[in-house]
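To keep things clear, I will list the structure first and then write my remarks on it.
In the numbering used here, the protein residues as written are 1 to 206.
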């Protein structure tokens, strides 16, 4: 049976009422599911780690002390066991997260929060490289559309693509409801592999 910890990544005002408003899944949906995941974890005595992005006071995003830096009320109104401040995408980079989890014999991190392809995915990949299993909640994470010199992508396309990639190697992806039920039953979310994922794609394409 997995020894889980819920890792709540960057649920800060910057992504709600600030300069990076989450677009997909719909913000109210992801916030509600983040709260539900925290409540379910607390009910089962699973450790909850809250991660907060921090930047210098003159930064345009996540400036320490700013409204955008502050934790959203969905998180700040609930109890949690540990707060991690980070300056890089992965919640493990330059923080005490790995040691905090090790001391508590945690073998599985459950990722919720923002953004799907940035801090969430970076933390998931980093966790796998550190020997941890990952569960990634598809409707308690989210992102927004992007466009730059490399091209453009919608929020929905970006989110769904990252979920498929993570499920193929790095994480067990499921909804919040599926995860809560797995916790209740003492089971794990189903996993896939690169081989299985590519085989399914080949069969679907004839």
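Beta carbons are placed, not taken as given, at the ideal position from N, Cα and C, and that holds for glycine.
How should residue i be labelled, buried or exposed, when 16 other C-beta atoms within 10 angstroms of its C-beta is the threshold for buried?
i: residue 200; result: exposed
i: residue 149; result: exposed
i: residue 4; result: buried
i: residue 56; result: exposed
i: residue 43; result: exposed
i: residue 113; result: buried
i: residue 185; result: exposed
i: residue 125; result: buried
i: residue 73; result: exposed
Where do the N-terminal and C-terminal ends of the alpha helix (DSSP H) with residue i fall, by residue?
i: residue 146; result: Careful: residue 146 lies outside any alpha helix (DSSP H), inside the beta strand (DSSP E) at 146-148.
i: residue 180; result: 176-185
i: residue 200; result: 194-204
i: residue 108; result: Not the alpha helix (DSSP H): residue 108 falls in the beta strand (DSSP E), residues 108-114.
In three-state terms, what does DSSP make of residue i?
i: residue 9; result: strand
i: residue 84; result: strand
i: residue 123; result: helix
i: residue 40; result: helix
i: residue 76; result: helix
i: residue 4; result: strand
i: residue 95; result: coil
Does the distance from the CB of residue i to the CB of residue j come in under 8 Å?
i: residue 94; j: residue 88; result: yes
i: residue 21; j: residue 144; result: yes
i: residue 51; j: residue 84; result: yes
i: residue 108; j: residue 133; result: yes
i: residue 123; j: residue 91; result: yes
Where do the N-terminal and C-terminal ends of the beta strand (DSSP E) with residue i fall, by residue?
i: residue 141; result: 133-142
i: residue 153; result: 151-153
>> Under 8 Å: do the segment 5-18 and the segment 146-162 share three or more Cβ pairs, one atom per stretch?
In response: In short, these stretches do not touch, since the Cβ pair count stays below three.
> Does the segment 28-40 touch the segment 71-79, meaning 3 or more C-beta pairs lie closer than 8 Å?
Replying inline: Yes: the two stretches touch, three or more of their Cβ pairs being nearer than 8 Å.
> Counting Cβ pairs, one atom from each stretch, are 3 or more of them under 8 Å apart for the segment 159-179 and the segment 53-68?
Replying inline: Output reads no: the segment 53-68 does not touch the segment 159-179.
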